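A short worksheet on the structure shown next.
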């Protein structure tokens, strides 16, 4: 049994995440997906709740050919104990897939195997870019799985983001 | 879409929980399972980590004929905001299934529909009884799904509980 | 200007508190009333929210001939810094009125003047006794000001307490 | 009974707040005033303690023709549960008066009525501008009620702010 | 370089702790002494502050022939991350000396070497027994190093404990 | 007995700190050294854990002719209670040595004596400058005591900082 771990804030979950997870699925028997900063929502950087992000990810991966767990992880604001915190909230995993330098360093110091997945069209496929487009009214739907568009529509996610930004014209 | 919510500490997950969830599955399109006191582990009342409990539940429900989410929920130690906390961590749900008087009252005050499922052989099928049997070396395996026995064996769960109790003979 | 400080959990506010505050009013230009354990509610020991307790106290003291402040104080769970915490949340005060040994000791170590008010019919006029009567269905209304009975009725306070206790016959 | 809610950080309380509250008083039987970020003080953005702010507000509103409550509200750093937190600390209210986009959105998602009061000479009547004047030694007293000047003088508020800024010439 | 780790609450530090540390000193180049529950004080179980306990230990060990560190460790209330928390606050250590079943289990699960030191006259040499004697006015001074008696006298420790207990005759 | 208090984040401990402490040693019988933001590590501003900083300081001061305590102090994020927090974690002290405006103001408001030590070649001897040099690969070793270089080498501190910065070429 080989279980891989992948963590992100998924604000929102997009095609770049999807591409990475499809890649990880090839090498894993099971995947644990951690939703970071789970306690944050309704900010410009973190508009969606953990529950909304659980929904986006689960629906978008419905046809993934690999069992997966989606686990909200609240911030603990202490890097030195963050790995222990993550591990207490998740089924045990063998490999960490991450391109985040801090995440890589923390798992490396904890003695775990860390692998950097290839990024998928990173310039456009980033949460920051997608949130920017939502705010400015640009097309963002083509950057996320259909299921994610549906979830964001249902919860009025774009309207929420614009309202928070105080630019709700 | 009718989504039901069920919460417990699952220390450990047992046949009583399984029976309730199989009942809830008949009435729901999807089930959200909250793991309460997710941050606790390695105590006499809460021996298992959230990640270990995620594993028990997911494996035991592998053949359940209803999609489900398993979400660790850390305690927030403030009853008046607990429902909002739970809802921020979970996909939206319509019905709460619970027999816990406090949980029922808190969701009721929040204006949600609460239903009490029938309990399954409650005297023996309780976490407290199972932990008691683990400590005293009695048979407990017949009270939990096979998958749970496997998880507890893998992590040395009985040994951990006995060691914590200082009764490790 | 002589400002007195009085703190309690007020679960609920009763005639004993009222008698003490009427006494303190004689010696003070203003009174600061701290609501302790403000973050707790919906438990057997602490059934009412801070906001509900603010309402009870303010209404019951409506005709007190001394200006007063009612300030919710969340627990900080560290006795050595509790006095500094209280003082940061309240207008400055000169005298502490308390019969609680820990409160007295903490303010004493901080170099403040502490005075023990006479207690009013303490055996019956205690939050514990009133909550016990609410649970068992006994008469409790005669132990609290009329305004408090009204608030508890409005919020369904007795029903809430009984439900939490799981003894709601 | 119609109770309105108004929240701010009040660093410090100024004539703009006063004008808004006088307006709200016309439409309300009672007003609940929440002091946000109550736990913060002694910073450039938040120089005054909650207790000092309680004092400023209470004194400045002494002749307001509407009963009011002044309630310190500590930050909870989780937007999704902030409304529940506020409501647990305050008497129940019917209308929220706010011009803050995040506050408006959070109460709106909670299903409450939110109204935007007219702002009073906003360019000069802002906490930021008043703190800037305090730091640079400019006239700020004309922007706040007299009672607020008195409180700030008593506690050495301007000196505190300048000292924290390290520009205490 | 062989560094040993020893942790206790030291409420108060007594001859039993001293005997264990003198034993550990024989096997170590340096000792790290962790003061557990550092944030607690002024309770019946935890009367002394972390700073007071630092003072007791440092003075009592003044002539120990082994360099040592005394580090207050605040509780983190999550067993699964407690070892990581301890290690982030202390210089790295190789061996854990403990007789506490939970401490032993947590370090064991983290893959560290744990050794149980012999206890010294455990029945009388326990914090609980010493605090009991302080409360009842019995002789306790013979159970602690002289330096500890001095510290407790300076801070009025017995008076504090009796006052908290409400039995200050 | 005259005990002085000195606090810093020591990220890392450098010759400027050493010079100040040697000066304080002349005026003190004992020194209490507080390690601020003890819970932080693995960030660009705070790369080292509290335990690593304890090690740096203790080794660098090995030949100081004045007994000293090194105490990690976790942030409490509330300035108004920070002094009480510090005092609960440390042996009692009489004089505070600090050049930090906020630290000076907070101890001043608490009624304590605060003295500003002369700074030693401040432009180069700052944690910020040393971390900048570590990141850019410049010479930094001449700005810290030898013992600190050793500790940073042992833990791979420069590599950690570069990795976190994502500039690890």
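Protein chains in written order, with the working numbering: chain A, 23 to 191; chain B, 23 to 191; chain C, 23 to 191; chain D, 23 to 191; chain E, 23 to 191; chain F, 23 to 191.
Positions of the beta carbon are idealized from the N, C-alpha and C atoms, including for glycine.
Since this is a predicted model, take the numbers as computed values, not measurements.
- By the C-beta criterion, the segment 140-153 of chain C is judged not to be in contact with the segment 47-56 of chain C, since fewer than 3 inter-stretch pairs fall below 8 angstroms.
- The alpha helix (DSSP H) runs of length 4 or more contained entirely in the segment 50-85 of chain E are, from start to end of the chain, 72-82.
- Excluding the 5 residues flanking it on each side, residue 155 of chain F has same chain C-beta neighbours closer than 7 angstroms at 161 and 162, in chain order.
- The alpha-carbon of residue 149 of chain B is positioned some 21 angstroms away from that of residue 99 of chain E.
- Spatial neighbours of residue 82 of chain C in its own chain (CB-CB distance under 7 angstroms, excluding positions within 5 residues in sequence) are listed in chain order as 35, 40, 167, 169 and 170.
- Residue contact with chain D for residue 36 of chain B: absent (no Cβ-Cβ distance below 7 angstroms to any residue of chain D).
- From the listed residues D/127, D/65 and D/93, the smallest Cα separation to residue 181 of chain D is found for D/65.
- Interface criterion not met: the Cβ of residue 85 of chain C is under 7 angstroms from no Cβ in chain F.
- With a threshold of 7 angstroms between beta carbons, residue 62 of chain A makes no contact with chain F.
- Residues of the segment 91-124 of chain D with a C-beta atom less than 8 angstroms from some C-beta of chain C are 91, 92, 93, 94, 96, 109, 110, 111, 112, 113 and 114, listed in chain order.
- Counting along the chain, residue 171 of chain E sits inside the alpha helix (DSSP H) bounded by residues 168-176.
- Note on residue 74 of chain A: 16 or more other CB atoms within 10 angstroms of its CB, so buried under the neighbour-count rule.
- Here residue 98 of chain C is not bridged, per DSSP, to any residue.
- As far as DSSP is concerned, residue 180 of chain D takes part in no beta bridge.
- Under the Cβ criterion of 7 angstroms, residue 185 of chain A is counted among the residues facing chain D.
- Proximity of chain A to residue 188 of chain F at the Cβ level (cut-off 7 angstroms) is accounted for by 123, in chain order.
- Between the alpha carbons of residue 89 of chain E and residue 78 of chain E lies a distance of about 16 angstroms.
- Within 10 angstroms of the beta-carbon of residue 111 of chain B lie 16 or more other beta-carbons, which makes it buried.
- Straight-line spacing of the CA atoms in residue 119 of chain F and residue 108 of chain D works out to 40 angstroms.
- Interface with chain E (7 angstroms Cβ-Cβ cutoff): residue 30 of chain F is excluded.
- Beta-carbon to beta-carbon, residue 94 of chain F and residue 94 of chain E are separated by about 7 angstroms, close enough to satisfy the 8 angstroms threshold.
- In the structure shown, residue 109 of chain A adopts helical secondary structure according to DSSP, grouped into three states.
- Remark: C-beta atoms of residue 28 of chain A and residue 57 of chain A do not approach each other more closely than 7 angstroms.
- In its chain, beyond the 5 residues on either side, 74 have a beta carbon closer than 7 angstroms to the beta carbon of residue 177 of chain E.
- Annotation for residue 149 of chain C: the continuous alpha helix (DSSP H) segment containing it runs 149-158.
- Within the DSSP secondary-structure output, residue 90 of chain C pairs in a beta bridge with C/53.
- Residue-level contact by beta carbon fails for residue 33 of chain B and chain C, as no gap is shorter than 7 angstroms.
- In the DSSP annotation of this structure, the continuous segment of the alpha helix (DSSP H) that includes residue 129 of chain D starts and ends at 123-131.
- Identification of chain E residues near residue 77 of chain C by a Cβ-Cβ cut-off of 8 angstroms yields none; the smallest Cβ-Cβ distance measures about 31 angstroms.
- Across the segment 148-166 of chain A, no CB contact with chain D closer than 8 angstroms is found for any residue.
- Comparing alpha-carbon positions, the option among C/32, C/86, C/126 and C/44 lying closest to residue 63 of chain C turns out to be C/32.
- Counting only residues of its own chain and dropping the five nearest sequence neighbours on each side, residue 60 of chain C has a CB closer than 7 angstroms to the CB of 72, 94, 95 and 96.
- Classified as buried, residue 153 of chain F has 16 or more neighbouring CB atoms from the shown chains inside 10 Å of its CB.
- Nearest C-alpha to residue 131 of chain B among B/147, B/67, B/151 and B/101: B/101.
- Contact annotation, residue 127 of chain C with residue 123 of chain B: C-beta distance approximately 37 angstroms; criterion of less than 8 angstroms not satisfied.
- Of the candidates B/42, B/121, B/24 and B/80, the residue whose Cα lies closest to the Cα of residue 173 of chain B is B/80.
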